[in-house]
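Please read the structure below before turning to the comments.
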Amino acid sequence: MTPPDQSPSTTVARERGRVRVLFEGHDIADSDDVVVMHEAGRPPVRYFPRKDVFMVFLSQADKTTRHPDKGEARYFTIYRDQHLVENIAWSYETPGAAFAEIAGRIAFRPEHVEFQVHGHTPADTAIEDEAVETDGLGREPAA
Numbered sequence: 263m264t265p266p267d268q269s270p271s272t273t274v275a276r277e278r279g280r281v282r283v284l285f286e287g288h289d290i291a292d293s294d295d296v297v298v299m300h301e302a303g304r305p306p307v308r309y310f311p312r313k314d315v316f317m318v319f320l321s322q323a324d325k326t327t328r329h330p331d332k333g334e335a336r337y338f339t340i341y342r343d344q345h346l347v348e349n350i351a352w353s354y355e356t357p358g359a360a361f362a363e364i365a366g367r368i369a370f371r372p373e374h375v376e377f378q379v380h381g382h383t384p385a386d387t388a389i390e391d392e393a394v395e396t397d398g399l400g401r402e403p404a405a
């Protein structure tokens, strides 16, 4: 579904089923209420309700950025098992109306975490996410 004020190359939809986020093999989020944003030419971004994120491992960082439609993003740093990664996650607290579904939700940088979707292994999930980006021939899927 493309909200009315969004570019047709951006869609926001609910993920079907449960999604886990793993950092160094440990759960840091686990939810069956995940919103996925698909933007042309980019991997999908999963936004988790804050209540389903183990916030005890995240601390708000000083970094903020601004997107013209999504608004201000606040970033989070993780510290778990003596591993520190700055700006591993972000949240748009008050995005524009077209992105209201992601308000207050937390997204994670995929290069630092693994996603486990529908009980598939993180490796299988990564392969599925790559397939979403192109049609297998290096082209973006038709909108």
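In the working numbering, the protein residues as written are 263 to 405.
No residue lacks a Cβ here, since even glycine has one placed at the ideal position from N, Cα and C.
Cβ shell of residue i (< 7 Å), same chain only, five flanking positions each side left out
i	result
residue 319	290, 340, 341 and 342
residue 311	293, 295 and 367
residue 323	337, 338, 339, 348 and 349
residue 286	342, 343 and 345
residue 362	none
residue 325	337 and 349
Identity of the residue in the options nearest residue i by Cα
i	options	result
residue 299	368, 383 and 375	368
residue 383	361, 364 and 282	282
residue 351	316, 378, 344 and 330	316
residue 302	321, 308, 376 and 271	271
residue 359	313, 284 and 330	330
Cβ neighbour criterion (16 or more within 10 Å) applied to residue i
i	result
residue 328	exposed
residue 357	buried
Cβ-based neighbour list, residue i, same chain, cut-off 8 Å, excluding 5 preceding and 5 following
i	result
residue 278	380
residue 276	295, 296, 297 and 298
residue 375	283, 284, 285, 290 and 350
6 Å Cβ shell around residue i - same chain, five flanking residues per side excluded
i	result
residue 354	332, 333, 335 and 364
residue 307	299 and 369
residue 321	339
residue 309	297, 364, 367 and 369
residue 280	294
Identity of the residues DSSP links to residue i by a beta bridge
i	result
residue 299	274 and 307
residue 340	320 and 347
residue 329	333
residue 368	310
residue 376	284
residue 289	284
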